[in-house]
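Be aware that the sequence shown starts at 6, since it is given in this note's numbering, and climbs by one per residue.
Where is the CB? At the ideal position from N, CA and C, for every residue including glycine.
Being a predicted model, the structure only gives us computed values, none of them experimental.
Notes follow once the structure below has been shown.
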Amino acid sequence: MTMIAQWAEAGDPAAARDPAALQAVMRQAVASVDPQQAISYFYTLDFLRERAMGGLRLVAVGLLLGLAGAMAASRAIRSLLVDVPAFDAGIYLAAAGLFGAVALVACLVPALRASRVDPIVALRNE
Numbered sequence: 006m007t008m009i010a011q012w013a014e015a016g017d018p019a020a021a022r023d024p025a026a027l028q029a030v031m032r033q034a035v036a037s038v039d040p041q042q043a044i045s046y047f048y049t050l051d052f053l054r055e056r057a058m059g060g061l062r063l064v065a066v067g068l069l070l071g072l073a074g075a076m077a078a079s080r081a082i083r084s085l086l087v088d089v090p091a092f093d094a095g096i097y098l099a100a101a102g103l104f105g106a107v108a109l110v111a112c113l114v115p116a117l118r119a120s121r122v123d124p125i126v127a128l129r130n131e
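Put into structure tokens, the structure is as follows:
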């Protein structure tokens, strides 16, 4: 029986639900196989998902701040605008949509490229 399976059977149920509690067991298991193997990072799937969503959150915050800034600027230069409304919802939505689409592509392209890499090749290059 592996060390992790033993820990899962003997460990308390609350610790079994916490992936961070497995770090010590994982380090011991790896060290028992290869003591020279360095272990640098442990990430849970939830953490990685949140980090991936952190990019889209930044885009959303940037779009909101940009729209607010554009509305404030258009009100400030209202006297210079001739036959153009200070607030044109279509223009604001089009600009936000364009920037959102560019940001979405900027987030998706690296993720798609990374998903196409063979894990064995990636590990071999590390």
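- Less than 7 Å separating the beta-carbons of Ser-79 and Ala-91? Numbered from 1 along the sequence shown, position 74 holds the residue referred to as residue 79. Numbered from 1 along the sequence shown, position 86 holds the residue referred to as residue 91. Against a cut-off of 7 Å, the Cβ pair of Ala-91 and Ser-79 comes out as a contact.
- Message: For the ligand SAM, I want to know if Met-76 counts as a neighbour, meaning its beta carbon is within less than 6 Å of at least one of the ligand's heavy atoms.
- Response: Of ligands this structure carries none, so the ligand SAM is not represented either.
- Item | Closest Cα partner of Ala-57 within the set Val-35, Ile-82, Asp-88 and Ala-108 | Translated into positions along the sequence shown, residue 57 becomes position 52. Looking at the Cα atoms, Ala-108 is the closest of the given residues.
- Task: Go ahead and pull the three-state DSSP assignment for Asp-39.
- Result: As a first step, residue 39 must be located in the sequence shown, where it is residue number 34. If DSSP states are grouped into helix, strand and coil, Asp-39 belongs with coil.
- Message: Tell me the DSSP secondary structure of Leu-68 in three-state form.
- Response: Here residue 68 refers to the residue found at position 63 when the sequence shown is read from its first residue. Assigned with DSSP and collapsed to three states, Leu-68 falls in helix.
- Task: Give the straight-line distance between the Cα atoms of Ile-96 and Ala-77, rounded to the nearest whole angstrom.
- Result: For the purposes of this step, residue 96 is identified with residue 91 of the sequence shown, where counting begins at 1. For the purposes of this step, residue 77 is identified with residue 72 of the sequence shown, where counting begins at 1. In a straight line, the C-alpha of Ile-96 is about 15 Å away from that of Ala-77.
- Looking only at its own chain, which residues have a Cβ that is under 7 Å from the Cβ of Ala-100, when we skip the five neighbours before and after it? As a first step, residue 100 is located in the sequence shown; it is residue number 95 there, counting from the start. Residues of the same chain with their beta carbon placed closer than 7 Å to that of Ala-100 are lacking, with the five preceding and five following residues left out of the count.
- Just curious, the alpha helix (DSSP H) that Arg-83 is in, first and last residue? As a first step, residue 83 must be located in the sequence shown, where it is residue number 78. Careful: Arg-83 lies outside any alpha helix (DSSP H) and carries neither H nor E.
- Query: By Cβ distance below 7 Å, which residues in the same chain neighbour Val-64 in space, the five residues on each side in sequence not counted?
  - Reply: For this step, residue 64 is matched to residue 59 along the sequence shown. These residues qualify, in order along the chain: Gly-105 and Ala-108.
- Query: DSSP on Ala-116, reduced to helix/strand/coil?
  - Reply: Here the question's residue 116 lines up with position 111 in the sequence shown. DSSP places Ala-116 in helix when its eight states are reduced to three.
- Task: Compute the beta-carbon to beta-carbon distance between Cys-112 and Leu-68, rounded to the nearest angstrom, for a pair I have assumed lies under 8 Å.
- Result: The sequence position of residue 112 within the sequence shown is 107, counting from 1. The sequence position of residue 68 within the sequence shown is 63, counting from 1. Not really, about 13 Å apart at Cβ, beyond 8 Å.
- Pick helix, strand or coil for Asp-51, following the three-state DSSP scheme. Position 46 of the sequence shown, counted from the first residue, corresponds to residue 51. The answer is helix: DSSP assigns Asp-51 an H, G or I state.
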